[in-house]
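Protein chains in written order, with the working numbering: chain A, 59 to 237; chain B, 5 to 179; chain C, 10 to 129. Step one of this worksheet: look at the structure below.
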Amino acid sequence: MMEYVAYALVVFVVLTGIATALLRDVLAAIIVFAAYSLGMALLYTLLLAPDVGLTEAVIGAGVTTILLLLTIVKTVRPGGERTIERFDSRAAVACGALAVVFGLTLPDLPAVGDPNSPILSYDAVTGHYLTQSYAETGVENTVTAVLAAYRGFDTFGEATVVFAAGVAVLVVLQREVFT
Amino acid sequence: MSDADEGSETPPETPADDEDVDAEPETFPSPRRAYTESEVIMSTVRVVTPFVLTFGLYITFHGADSPGGGFQGGALVGVVVLMLAFAFGIDPTRRWLGTKAVTLVASLGLLVFATIGLGSVVLGGAFLEYGLYPLEDAAKYGIEAVEIGGIALIVAGVIMGLFFLTAAGPGGDVE
Amino acid sequence: MIELLATRWAYAAFILLMVTGIYMMIANANLVKKVIGLNLFQSAVFLFFIASAYVADGSVPIVHSEGGGGPYVSPLPHVIVLTAIVVGVSLTAVALALIVRIYGEYGTLDEAVLREVSDD
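Here it is in structure tokens:
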């Protein structure tokens, strides 16, 4: 039963992704992109990643859409008559070749959900985090434990990148205060 | 924080910049209802905002035992201010926030994270080694402090700041 | 072929979405749509990571204090994707600020016009 929901979500996500590429109007592309982000958030939750689904729903479907809409308010929304974007055949051939090259590796990848795949059966890393994280850190959510304790330096780097992005936008827009 | 010689918080300015005249001018004999951009947005935001704020704080505080954590909760709290800006207008919300609040929130978050991380280096160990702090269950308290006091504040502050900056557009000497 | 797609559906979706994102970045002339293509490409890569960590009939990686429980999903790709989503929105914000500045300077967001104007 769950596989059919997953297949339906994947078809929805791929269709909205292709629609985002083909629509000419920027506002329409942004709105379809918001629907795509919501579909991706649901797909992540269906693949048993609720933290990532929450983050994608808030930041992907929320903040990115708001920032894109603010940008076209501040700049221009190009008018025109056509609904579908003009098709660039050279770029399509290049992207198709890239898709074929990636597709040739598909038979070598493990099946989705295989419990014997190399990520899950490597006990020294994944098994250690799953079995020892409550004893060593006292939190039950292993993703939080890995994020804030075992790989805390990466999280510090990422917090610095977020802050640096705020400062960079200040510098680019030549302002001195955030508000 | 407000102007020292005036009692009101918002200095009276001509309503020529946008149509959101939210402050009540003293010249009118009777208080007017504030002009709103859209009734639907205002009613929806009035109903939904307390729940979103509570949910964001819940996700932040319970990040250790259930799905969630600092990123999700901080982003939700930042988005609450964005929703208020949609309903009441961007300029009145900008005046309400003041010039220092957003910078303070974002910088405080980074400072807390750096202090907790480098504090263990000062105590003689590695970066973010919770075991060196003289509390029992230091790892759990350290993780909670880093998530709530560090990451959530940074993400909330920067999301608010990015929204108001992008809405303001280029400043300085660009005409 | 069909059962290859049925067992590796997430990876096939990843390839399609990644190629669509790259096509948007190359072929669309509007700068804002290039940024949208970048975000499409990024979330396709996140799908690849999350799908590689998935265990069929597993459970969410929240280990209760008594221990035990069924096969858990691996938490490490989730951490990588969490960090990457937030870094991605920072990147998008700076790119959009640059676009606003470019529009203020040149008055257009079309890549071909910008290329001609900046070659002078």
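Backbone N, C-alpha and C fix where the C-beta goes; we use that ideal spot for every residue, glycine too.
Annotation: Glu198/A is outside any alpha helix (DSSP H) and is labelled neither H nor E by DSSP. In the three-state reduction of the DSSP assignment, Asn37/C falls in the coil class. Only Thr213, Phe214, Ala217, Thr218, Val220, Phe221, Ala223, Gly224, Val227, Leu228, Leu231, Gln232 from the segment 213 to 232 of chain A bring a Cβ to less than 8 Å from some Cβ of chain B.
The beta carbon of Met59/A does not come within 8 Å of any beta carbon belonging to chain C, so the residue lies off that interface.
Contacts between Leu166/B and chain A, judged by CB atoms closer than 7 Å, involve Leu125, Gly224, Val227 in chain order. Taking the Cα of Ser70/B as reference, the smallest distance to any Cα among Gly161/A, Gly224/A, Leu112/A, Tyr62/A is reached at Leu112/A. The three-state reading of DSSP puts Asp212/A in helix, counting H, G and I together.
Of all residues in the segment 11 to 30 of chain C, the ones placed with a Cβ closer than 9 Å to any Cβ belonging to chain A are Leu13, Leu14, Ala15, Thr16, Arg17, Trp18, Ala19, Tyr20, Ala21, Ala22, Phe23, Ile24, Leu25, Leu26, Met27, Val28, Thr29, Gly30, in chain order. With a threshold of 16 other beta carbon atoms within 10 Å, Lys104/B falls short and is exposed. When secondary structure is reduced to three states using DSSP, Gly97/C falls in the helix class. The three-state reading of DSSP puts Gly111/A in helix, counting H, G and I together.
When only Cα atoms are considered, Glu75/C and Ser68/C end up about 16 Å apart.
Listed in chain order, the non-local C-beta contacts of Thr74/A below 7 Å within the same chain comprise Val90, Ala93, Tyr94, Gly97, local neighbours out to five positions each way being set aside. Counting only Cβ-Cβ distances below 7 Å, Phe75/B has contacts in chain A at Thr113, in chain order. Closest option to Ala143/B, judged by alpha-carbon separation, among Ser124/B, Gly128/B, Gly173/B: Ser124/B. Positions of the alpha helix (DSSP H) runs, each at least 4 residues long and wholly inside the segment 158 to 184 of chain A, cannot be given because no such run exists.
The beta carbon of Ala118/B sits closer than 8 Å to no other beta carbon from its chain once the five residues preceding and following it are set aside. Glu198/A belongs to the set of residues whose beta carbon lies under 8 Å from a beta carbon in chain B. Ranking Gly173/B, Ile152/B, Glu43/B by CA distance to the CA of Glu114/C puts Gly173/B first. Tyr134/B counts as buried, since no fewer than 16 other beta carbons sit within 10 angstroms of its beta carbon.
Contact fails between the segment 20 to 37 of chain C and the segment 125 to 137 of chain A, because fewer than three Cβ pairs, one in each stretch, are under 8 Å apart. In this chain, the alpha helix (DSSP H) harbouring Lys132/A covers 123 to 132. Sequence-distant Cβ neighbours of Gly77/B in its own chain, meaning closer than 6 Å and more than five residues away, are Gly60, Ile63, Thr64, Ala156.
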